[in-house]
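S.K.: Residue numbers (our numbering): 47 to 423.
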Amino acid sequence: MKGRRFTLRSVAGDIRWMRVSYAPWMTAETAATLPAELLAEAEAFLTLFHAETATPGLAGRLAQVGTEVAHTASYTLTPAELTYGAKMAWRNSARCVGRLYWQALEVRDLRNVTAAPDVFGHLLAHLRAAFNGGHIKPLMSVFGPGVRILNPQLIRYADDPLNADFCGLLREYGWQPRGERFEVLPLAIEAGGQVQLFDLPKDAVQEVNIWHPDCPALADLGLRWHALPVISDMSLEVGGLRFAATPFNGWYMQTEIAARDLADADRYDALPAVAKALGLDTRRERSLWRDRALLELNVAALHSFEAAGVKLVDHHTATRHFAQFEEREAQAGREVRGQWSWLIPPLSPATTPVWSRRYRAREEKPNFVRCPYSPKG
Ligand code: ARG
Numbered sequence: 047m048k049g050r051r052f053t054l055r056s057v058a059g060d061i062r063w064m065r066v067s068y069a070p071w072m073t074a075e076t077a078a079t080l081p082a083e084l085l086a087e088a089e090a091f092l093t094l095f096h097a098e099t100a101t102p103g104l105a106g107r108l109a110q111v112g113t114e115v116a117h118t119a120s121y122t123l124t125p126a127e128l129t130y131g132a133k134m135a136w137r138n139s140a141r142c143v144g145r146l147y148w149q150a151l152e153v154r155d156l157r158n159v160t161a162a163p164d165v166f167g168h169l170l171a172h173l174r175a176a177f178n179g180g181h182i183k184p185l186m187s188v189f190g191p192g193v194r195i196l197n198p199q200l201i202r203y204a205d206d207p208l209n210a211d212f213c214g215l216l217r218e219y220g221w222q223p224r225g226e227r228f229e230v231l232p233l234a235i236e237a238g239g240q241v242q243l244f245d246l247p248k249d250a251v252q253e254v255n256i257w258h259p260d261c262p263a264l265a266d267l268g269l270r271w272h273a274l275p276v277i278s279d280m281s282l283e284v285g286g287l288r289f290a291a292t293p294f295n296g297w298y299m300q301t302e303i304a305a306r307d308l309a310d311a312d313r314y315d316a317l318p319a320v321a322k323a324l325g326l327d328t329r330r331e332r333s334l335w336r337d338r339a340l341l342e343l344n345v346a347a348l349h350s351f352e353a354a355g356v357k358l359v360d361h362h363t364a365t366r367h368f369a370q371f372e373e374r375e376a377q378a379g380r381e382v383r384g385q386w387s388w389l390i391p392p393l394s395p396a397t398t399p400v401w402s403r404r405y406r407a408r409e410e411k412p413n414f415v416r417c418p419y420s421p422k423g
């Protein structure tokens, strides 16, 4: 172990900041600011990668990375390293309750894709592959340098107050809303310093209409949601390298949609209308109409997705899976970091196993870093 450490550091000591020919489309930005930091992060990651995946040849790989960094001030992850690094980043995401499945993440290595129309084509393919006929699979696409997706998620609605600022930005690029309900926003793709907008075709966006088995009036509210949460404003950081365009998805938990997106007063604010559809007394708080409407909207979301054949997990199952994740991590000798306020569901949190637990919040690397778009940089 000591010897290996020495191999890399000794190379780091020799670094001169010079840029010798390298293939820029293969190399990510470095997240570390100094070559010594980059090498330290590379070493930490590669050591874990080789140990966890039982890959031989760590010493040789460290020496190779040391040389590459000395010559190019960066280095290139192998496809296997990139894939495993992305899985680790998910495993380390302290706010995610769905981490039991971290090893199942599929990574599309698109580091050679840098032109906006090509990025768009691959995003359409991502949406199709991830939806997988309703059997949603966790998927990530890693694009090349200079690519950035300005949208916070690939699928977002124009009339969701959450997206007001982003809609303002889209307008600056010439987008005009049609003014429809649940209008899907175009993708804003930055490549080589230019931003281009692309409309998502209808068949790329799978949605589910929300209806309630015992309350036909609820369907009349015309509520719906998209099947795939594809986060697109978080950079992946692995081994001191940063990948700015790495959209990734899992599947939804129904509380995200029915207890927040559709229910929050500063989002779709649907509870008063749902309560009305259910015939509840909304004049008195003590009738608990909000709670009853909330519960039935959650029942409706689970029911509608199930009827449509689209994967959606409930919060009891998801938190039980999280407890299993914790057990497995303990067996592997790793501590699970977590942000408790994100891990507990917004509905009946005290009925779930996460409620009584506590976690240290500081996140391990590899990880994701939120990089919301701002025109200034
Ligand atoms: N909460 C976000 C939303 O409602 C999605 C976050 C990611 N969720 C997930 N299940 N992977 O759109």
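Idealized CB from N, CA, C, for every residue including glycine.
#1: Quick check: the Cα distance between G220 and E98, rounded to an integer number of angstroms?
#2: With DSSP collapsed to three states, give me the class of Q222.
#3: Tell me the start and end of each unbroken beta strand (DSSP E) in the segment 283 to 367 that is at least 3 residues and wholly inside, in chain order.
#4: If you pair each beta-carbon of the segment 284 to 303 with each one of the segment 410 to 419, do three or more pairs fall below 8 Å?
#5: Would a C-beta distance cut-off of 9 Å place I277 and P293 closer than the cut-off?
#6: For the alpha helix (DSSP H) containing E39, list its first residue and its last residue.
#7: Please classify L308 as buried or exposed, where buried requires at least 16 other C-beta atoms within 10 Å of its C-beta.
#8: Under three-state DSSP, which class holds H168?
#9: Give the straight-line distance between the Cα atoms of T397 and L170, rounded to the nearest whole angstrom.
#10: Any chance the CB of D307 is under 8 Å from a heavy atom of ligand 1?
#11: Quick check: is any heavy atom of ligand 1 less than 8 Å from the C-beta of G225?
#12: What span of residues does the beta strand (DSSP E) with V415 cover, start to end?
#13: According to the neighbour-count rule (16 or more other Cβ atoms, all chains shown, within 10 Å of its Cβ), is T129 buried or exposed?
#14: Starting from the Cα of V415, find the closest Cα among T328, D279, L246, R157 and give me that residue.
#15: Alpha carbon to alpha carbon, how far is V251 from R406? Give it in angstroms, no decimals.
#16: Sorry if obvious, but does the Cβ on M299 come closer than 8 Å to a heavy atom of ligand 1?
#17: Note the first and the last residue of the continuous beta strand (DSSP E) segment covering H272.
M.R.: According to the data block:
#1: 48 Å
#2: coil
#3: 287 to 289
#4: yes
#5: yes
#6: The question about residue 39 has no answer, for the chain in this structure spans 47 to 423.
#7: buried
#8: helix
#9: 39 Å
#10: yes
#11: no
#12: 413 to 416
#13: buried
#14: D279
#15: 37 Å
#16: yes
#17: 270 to 272
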